[in-house]
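Sequences listed follow chains A and B, in order. To get this note's numbering, take the position in the first sequence, counting from 1, and add 30. To get this note's numbering, take the position in the second sequence, counting from 1, and add 1403.
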Amino acid sequence: MHAFDYQAPTTLREALELLSKPQQSARPLAGGTDLIDQMRVGRLTPEVVIDIKKIAELNALRVDSGGLHLGAAVPCYRICSERAIIDDYSALVDSCRIIGGVQIQSRASLGGNLCNSGPAGDSIPSLIALQATCLIAGPQGTREVPVESFCTGPGKNVLRTGELLIELRMPRRAPHSGSHYRRMIPRNEMDIAVVGVGASVQLDATGKTIVAARLALGAVAPTPLYAESASQLLAGQPVSDALIAKAAQAAREIVKPISDMRGTAEYRVHVTGVLVQRALQAAIVRARGEACDYRPGH
Amino acid sequence: MSTGQSRKYKVIGTRPVRHDGVDKVTGRAKYGADVRLTGMLYAAMLRSPHAHARIKRIDTSKAAAVPGVRAVVTSADLPEQGDRIVELGEGAANMPHLSSNILARDKVLYRGHAVAAVAADNIHIAEEAVKLIQVEYEILPPEMDVVKAMRSGASILHDDLRTEFASPSSGDSGPTNVAKQYLFEKGDVAAGFSRSEVVVEREFDTATVHQGYIEPHNATALWNPDGKITVWMSTQGAFSARQQTAEVLRVPVSSVKVVPMEIGGGFGGKIPIYLPPVAAVLSRKSGRPVKLVMQRADVFEATGPTPGSHIRLKMGVSKDGKIQAAEAWMAFEAGAYPGSPVGMACMCVFACYDIPNGRIEGYDVCVNRPRTFAYRAPGSTHVAFAIESVIDEICQKIGIDPAEFRLKNGAREGTRRVDGPTFPRVGMVETVEAIKNSAHYRTPLTGKNRGRGIASGFWFNVGLKSSVTATVNNDGTVSLVEGSTDIGGTRTSIAMQLAETLGIAAEDVNPTVADTDSVGYTDITGGSRVTFATGIAAVEAAKEIQRQLVERAALLWDCDPKAACYVDGGVQGPDGKRIGFKELAEKLHLTGGAVIGNGTSSAAQQGGAFGTHCVDLEVDPDTGKVQILRYTIAQDAGTAIHPSYVEGQMQGGVVQGIGWALNEEYFYDEQGSMRNATFLDYRMPTTYDVPMIDTIIVEVPDPAHPYGVRGVGEVPICPPPAAIANAIRAAVGVRMRELPMSPPRLLAEILKAQTK
Chain A
31 MHAFDYQAPT TLREALELLS KPQQSARPLA GGTDLIDQMR VGRLTPEVVI
81 DIKKIAELNA LRVDSGGLHL GAAVPCYRIC SERAIIDDYS ALVDSCRIIG
131 GVQIQSRASL GGNLCNSGPA GDSIPSLIAL QATCLIAGPQ GTREVPVESF
181 CTGPGKNVLR TGELLIELRM PRRAPHSGSH YRRMIPRNEM DIAVVGVGAS
231 VQLDATGKTI VAARLALGAV APTPLYAESA SQLLAGQPVS DALIAKAAQA
281 AREIVKPISD MRGTAEYRVH VTGVLVQRAL QAAIVRARGE ACDYRPGH
Chain B
1404 MSTGQSRKYK VIGTRPVRHD GVDKVTGRAK YGADVRLTGM LYAAMLRSPH
1454 AHARIKRIDT SKAAAVPGVR AVVTSADLPE QGDRIVELGE GAANMPHLSS
1504 NILARDKVLY RGHAVAAVAA DNIHIAEEAV KLIQVEYEIL PPEMDVVKAM
1554 RSGASILHDD LRTEFASPSS GDSGPTNVAK QYLFEKGDVA AGFSRSEVVV
1604 EREFDTATVH QGYIEPHNAT ALWNPDGKIT VWMSTQGAFS ARQQTAEVLR
1654 VPVSSVKVVP MEIGGGFGGK IPIYLPPVAA VLSRKSGRPV KLVMQRADVF
1704 EATGPTPGSH IRLKMGVSKD GKIQAAEAWM AFEAGAYPGS PVGMACMCVF
1754 ACYDIPNGRI EGYDVCVNRP RTFAYRAPGS THVAFAIESV IDEICQKIGI
1804 DPAEFRLKNG AREGTRRVDG PTFPRVGMVE TVEAIKNSAH YRTPLTGKNR
1854 GRGIASGFWF NVGLKSSVTA TVNNDGTVSL VEGSTDIGGT RTSIAMQLAE
1904 TLGIAAEDVN PTVADTDSVG YTDITGGSRV TFATGIAAVE AAKEIQRQLV
1954 ERAALLWDCD PKAACYVDGG VQGPDGKRIG FKELAEKLHL TGGAVIGNGT
2004 SSAAQQGGAF GTHCVDLEVD PDTGKVQILR YTIAQDAGTA IHPSYVEGQM
2054 QGGVVQGIGW ALNEEYFYDE QGSMRNATFL DYRMPTTYDV PMIDTIIVEV
2104 PDPAHPYGVR GVGEVPICPP PAAIANAIRA AVGVRMRELP MSPPRLLAEI
2154 LKAQTK
């Protein structure tokens, strides 16, 4: 591995100053579960690694009247053990529980998963389904970007030099809402999504009609996708198998997968529809306040 | 569970704690990566980015100039080999091929082929310096597919390669990638097929798969100014590694000492050497010990996986369910240099059955993939997938229970294989009976998209040469020094045979795996041979100790040694005299000093091992994903010395077989680069993917071993892909003939069947 400097600022201001130093390639380090491996194999060669775990704002985790505030460096295990998230933002917990094993979950953050911008990042479809907004700080101040617009290509995103993802914000959940993330992997654990689907639904008080829905798809295009038309066709409709199948078909129509060692393009198109149905069904069950029968990996 | 005979032994068949257990569970066991020597340098290798290219020029000057770099080597630093062929015990090695696989000479023949190496003060300097080596390549088209590589007009890997035909009259092949043809015939195949009411002929493909041992290859070498070379390494055979290293370096074998460290898995893949000569030459140039450890990607790209294959198999059966004739044609990827296990595959393909008329043809074919090497029953899993699938289809066609079919046609004592040999007493049909009588097979499987499959498998098991030295200690224990590296609990299984013969406890034997200067010549740990052959050596050593102890007792009693004999852990003399082993051991100093027993084994041949497996699984018809629900393996172990380790081998083989069946494969792009050289994307099963594997140890003692041992390590990997394919057929009605039966492949077949 090449030689590099390590900095661990304790304030956001310091971190931003370090990031915007000219003529120096810098990379923020949260859990490091992607970064360290990419440096080990020589894919990334930053001159300075900036550990952001010691910055208070990036470790914030709170649910208030405005919704969920998730600091960019919060590790998965904290998300999984937060009651309010388990109850109201279930898809996030589904994601965090399948990102690596226990050791990885103790370090890896959703901010890191998003900034790595892999098409198959397991948290991104959940964040899209839960309508997350990215709070980004930089030399010119802060800006907000909807999470579905954050990734721009495999490993690429909207962050400009000197910018840092601070927080992910998700709106307060409406009553009778449920969400779910699931993925297809050939094994039952320790794998990367061949297709991943995040779904969020809000039902009416009877639990029979969908008020609003958001579907997001991973590993089927250069970036995770918000399946807008599939989501919109569900709104205002009574829950039925035919409706869910229609949404699945609409989702299949927007994917642009590749064939690689993880699956063929045809396979991914087909399985997108299968997982949209399963994810929607589980989200609906949860929205009705019932427990959904879901074993990760199966 | 075990179907074994009533226990007639005191130690054999019990389950003592393994002798190396504490070191292993406390992390104190020393592996190759733990070696740290004073002044030690760390080395990194430059590997080819191309699958097939001619090396025009190598410039190492920039790397050599980096501060902290102590030595740089290329193939120019290894001696020329001419066209030498060297006998290595378990087979002959073509020295120019062995040497240029270690450091590429004129051409690189696969991505990851080693080209140069740098030794430096630390690994980071070495890794950065290696990137500064400039190599000019002339890129050639790669041949990646075994069938395409056989065609005329294929890109040729070795200009001087000519096919070694089965019949010498076949003439000169001209430049080719086909290294060797195998041909075996028995009876009248055409007549056999004409007598058959049902004939099924199918084609099968299997993928290149890797052993997937957790510990990467490693070697630390010190080349002393006096010409003595010491290598600390992970190997399945210290003596084989010593000889390979000496031959590559062209130094006398006695000037190399190999110290085998603990081994973190081998499965056949740690028989060949890759690193010791490179570390040794770096050490000679730098005057310092040099350590070289592979990365995981190097292990995948540049060590010896088992080949992919293409197999065509035809079988004819009469209405009464008797096999009349069978024919197989197969081509195996040798990888970059000749030497696939296709010859063994030819001998295994029909071995489970009594085939009156048969023909087997096999081809060893070079392709631009790493040189393949042994992997657990090399070649047998490939052909078991083909024949056991065809048999399942035949059983379906004629409406016979697949267990009944195997009982009716299974190989027995006296069955002559198509390739010639006649079986001694073997346990094929007993394993089928064990499955047929198992709770698993007798419990009906219910539920949608679920299916059950069975399959059998065969592996020869070898004998080869082993040595041990056993020294009786004054406190009544025995120090046992052996040359077999321990990859499956063999310290304990060998110690138990010594203990049984001496009538002492297994815990009173202290086994040690020694370096090549400290024990007699011992062949590799492979071929399921160690508990068998090194076990025989231990029994011989124990008998020698018995003989000496009888003499010592006679001395104490002042009687003729002929009047005394060794019985039940002690010596019995005239007039009811008796002295126990421990008591006699205490008196060794009074009776002439140390008692040392040496034992060797060289001629014994094993009878062969069989297993039959039964699997239940469920297919998700929307995603093509398979869940294994229940798995039972019945295997003939001859006599199970330590049943826990026998069960462990059976379960381990099944798990690897499940991986091979469902997901494992080398995935290459158009340029011949492996795209999944990580454990993330090379998908071996995790604990979440396999149920508890139920084991049934069948014991049909092998007459060639004093306690009836049969090797158990390899045959359990053979049946799983076929058993799983048969179960998938039962679950969703599609027959998979290509491995792995991964979700995309299985879903495509399911969807194809639905639209029909």
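For glycine and all other residues, C-beta sits at the position ideal for the given N, C-alpha and C.
Q. Based on the DSSP output, what are the partners of A/I80 in its beta bridges?
A. What you label residue 80 of chain A is simply residue 50 of the first sequence in a count that begins at 1. Answer by DSSP bridge pairing, in chain order: A/Q37, A/P58.
Q) Where does B/A1728 fall in DSSP's three states? A) Counting from 1 along the second sequence, the entry for residue 1728 of chain B is found at position 325. Correct three-state label for B/A1728: strand.
Q: Provide the residue span of the alpha helix (DSSP H) that contains B/A1557, from first to last.
A: Residue mapping note: residue 1557 of chain B aligns to position 154 of the second sequence, counting from 1. No alpha helix (DSSP H) contains B/A1557, which DSSP labels as neither H nor E.
(Q) Just to confirm before moving on: does the CB-CB distance between A/I129 and A/V123 stay below 8 Å? (A) Looking up residue 129 of chain A in the first sequence gives position 99. Looking up residue 123 of chain A in the first sequence gives position 93. It is not a contact, given that the beta carbons lie outside the stated cut-off.
Q.
So, under 8 Å CB-CB, B/A1814 and B/Y1756 are touching, yes? Tell me the CB distance rounded to an integer number of Å.
A. Locating residue 1814 of chain B in the second sequence gives position 411, counting from the first residue. Locating residue 1756 of chain B in the second sequence gives position 353, counting from the first residue. With a Cβ gap of about 6 Å, B/A1814 and B/Y1756 count as contacting.
Q. Just how far apart, CA to CA, sit A/A229 and B/R1894?
A. For this step, residue 229 of chain A is matched to residue 199 along the first sequence. For this step, residue 1894 of chain B is matched to residue 491 along the second sequence. Taking the straight line from one Cα to the other gives about 55 Å.
(Q) Taking only three categories from DSSP, how would you classify A/N143? (A) Counted from its first residue, the first sequence places residue 143 of chain A at position 113. Helix at A/N143.
Q: Mind listing, in chain order, the continuous alpha helix (DSSP H) runs of no fewer than 4 residues lying wholly within the region 134–198 of chain A?
A: 140–146, 154–159
**Q.** Within chain B, the residues that A/H32 reaches when beta carbons sit closer than 8 Å
**A.** Position 2 of the first sequence, counting from 1, holds the residue named residue 32 of chain A. In chain order: H1527, E1531.
Q.
Is there a C-beta anywhere in chain A that falls below 8 Å from the one on B/T2026?
A. To locate residue 2026 of chain B, count along the second sequence from 1; it is residue 623. It does: the Cβ of B/T2026 has a partner Cβ on chain A nearer than 8 Å.
Q: Would you mind telling me which residues of chain B sit closer than 7 Å to A/T294, beta carbon to beta carbon, in chain order?
A: Sequence index remark: in the first sequence, residue 294 of chain A carries index 264 (1-based). P2147, listed in chain order.
Q) Which class does B/E1493 belong to by DSSP, given the choice of helix, strand or coil? A) Position 90 of the second sequence, counted from the start, is the residue given in the question as residue 1493 of chain B. Coil.
Q: Please go through the same chain and pick out, in chain order, the residues whose beta-carbon is closer than 6 Å to the beta-carbon of A/E193, but skip the five residues on each side of it.
A: In the first sequence, the residue the question calls residue 193 of chain A occupies position 163. The residues are I166, G168.
Q. Who are A/T239's beta bridge partners in DSSP?
A. Taking the first residue of the first sequence as 1, we reach residue 239 of chain A at position 209. DSSP, once it has assigned bridges, lists A/P268 as partnering A/T239.
Q: Select from B/R1421, B/A1447, B/R2148 the residue whose C-alpha is nearest the C-alpha of B/Y1677.
A: Within the second sequence, the letter at position 274 stands for residue 1677 of chain B. Ranking the options by Cα distance to B/Y1677, first place goes to B/A1447.
Q. Which residues, taken in chain order from the region 2083–2111 of chain B, show a beta carbon closer than 9 Å to some beta carbon of chain A?
A. L2083, D2084, Y2085, R2086, M2087, P2088, T2089, T2090, Y2091, D2092
Q. Secondary structure at B/H1422, three-state DSSP: helix, strand or coil?
A. If you number the second sequence from 1, residue 1422 of chain B lands on position 19. B/H1422 falls in the coil class under three-state DSSP.
Q.
I'd like to know whether the C-beta of A/D28 is nearer than 8 Å to at least one C-beta of chain B.
A. Here chain A comprises residues numbered 31 to 328, so residue 28 of chain A is not present and cannot be evaluated.
Q: Out of B/G2075, B/R2086, B/D1562, point me to the one whose CA is closest to B/V2058's CA.
A: As a first step, residue 2058 of chain B must be located in the second sequence, where it is residue number 655. Among B/G2075, B/R2086, B/D1562, the Cα nearest to that of B/V2058 belongs to B/R2086.
Q: Identify whether B/T1638 lies in helix, strand or coil by the three-state DSSP scheme.
A: By 1-based counting over the second sequence, the position of residue 1638 of chain B is 235. In the structure shown, B/T1638 sits in coil (DSSP, three-state: anything other than H, G, I, E or B).
Q.
Can you confirm whether B/T1872, when its beta carbon is compared against all beta carbons of chain A, has any partner nearer than 8 Å?
A. Sequence index remark: in the second sequence, residue 1872 of chain B carries index 469 (1-based). No, no contact with chain A.
Q.
Using C-beta distances below 8 Å, list every residue in its chain close to B/S1409, excluding the 5 sequence neighbours before and after it, in chain order.
A. Locating residue 1409 of chain B in the second sequence gives position 6, counting from the first residue. Reliability of the predicted coordinates at B/S1409 is poor, the pLDDT of 45 falling under 50, and no value is obtained from them.
(Q) For B/E2050, which residues in the same chain have their Cβ closer than 8 Å to its Cβ, ignoring the five residues on either side in sequence? (A) Counting from 1 along the second sequence, the entry for residue 2050 of chain B is found at position 647. Answer for B/E2050: T2098, I2100, listed in chain order.
Q. Do you know offhand how far B/A1468's Cα is from A/D35's?
A. The residue you call residue 1468 of chain B lines up with position 65 of the second sequence. The residue you call residue 35 of chain A lines up with position 5 of the first sequence. Approximately 24 Å between the Cα atoms of the pair.
Q: Enumerate in chain order the residues of its own chain whose CB-to-CB distance from B/G1590 is below 6 Å, with the five nearest sequence positions on each side excluded.
A: On the second sequence, residue 1590 of chain B is found 187 positions in, with the first residue counted as 1. Excluding sequence neighbours, B/G1590 sits near P1759, N1760.
(Q) Using only the alpha-carbon positions, how far apart do A/A45 and A/Q161 sit? (A) Locating residue 45 of chain A in the first sequence gives position 15, where the first residue counts as 1. Locating residue 161 of chain A in the first sequence gives position 131, where the first residue counts as 1. Spanning the two alpha carbons is a distance of roughly 27 Å.
Q) Nearest chain B C-beta to A/P216 closer than 8 Å, yes or no? A) Position 186 of the first sequence holds residue 216 of chain A. Chain B contact via Cβ: present.
(Q) I'd like to confirm something about B/A1729: is its beta-carbon nearer than 7 Å to some heavy atom of the ligand MN, or not? (A) This structure lacks the ligand MN, and indeed carries no ligand of any kind.
Q. Would A/E219 count as contacting chain B if we go by Cβ distances under 8 Å?
A. Your numbering for residue 219 of chain A matches position 189 in the first sequence. Chain B, which has a Cβ nearer than 8 Å to the Cβ of A/E219, makes this yes.
Q | Residues near A/A56 by beta carbon distance below 8 Å, same chain, minus five either side | A | By 1-based counting over the first sequence, the position of residue 56 of chain A is 26. The answer, listed in chain order, is L48, L49, P76, E77, V78, V79, I80.
(Q) With DSSP as the reference, identify every bridge partner of B/V1916, one or two as the case may be. (A) Start at 1 with the first residue of the second sequence, and residue 1916 of chain B comes out as number 513. B/V1916 pairs with B/E1885.
Q) Under the DSSP definition of a beta bridge, which residues are partnered with B/F1388? A) With chain B covering only 1404 through 2159, there is no way to say anything about residue 1388 of chain B.
Q.
Between B/L2032 and chain A, is the shortest Cβ-Cβ distance under 8 Å, so that the two count as touching?
A. Sequence index remark: in the second sequence, residue 2032 of chain B carries index 629 (1-based). It does not: the Cβ of B/L2032 has no partner Cβ on chain A nearer than 8 Å.
Q | Interface residues of the region 2059–2078 of chain B facing chain A [CB-CB below 8 Å] | A | L2065, N2066, F2070, R2078
Q) Is there at least one Cβ from chain B nearer than 8 Å to A/H99's Cβ? A) Against the first sequence, residue 99 of chain A aligns to sequence position 69. Taking Cβ atoms only, chain B never reaches closer than 8 Å to A/H99, which makes this a no.
Q.
Between A/H210 and chain B, is the shortest Cβ-Cβ distance under 8 Å, so that the two count as touching?
A. In the first sequence, residue 210 of chain A corresponds to position 180, counting from 1. So no, A/H210 is outside the interface.
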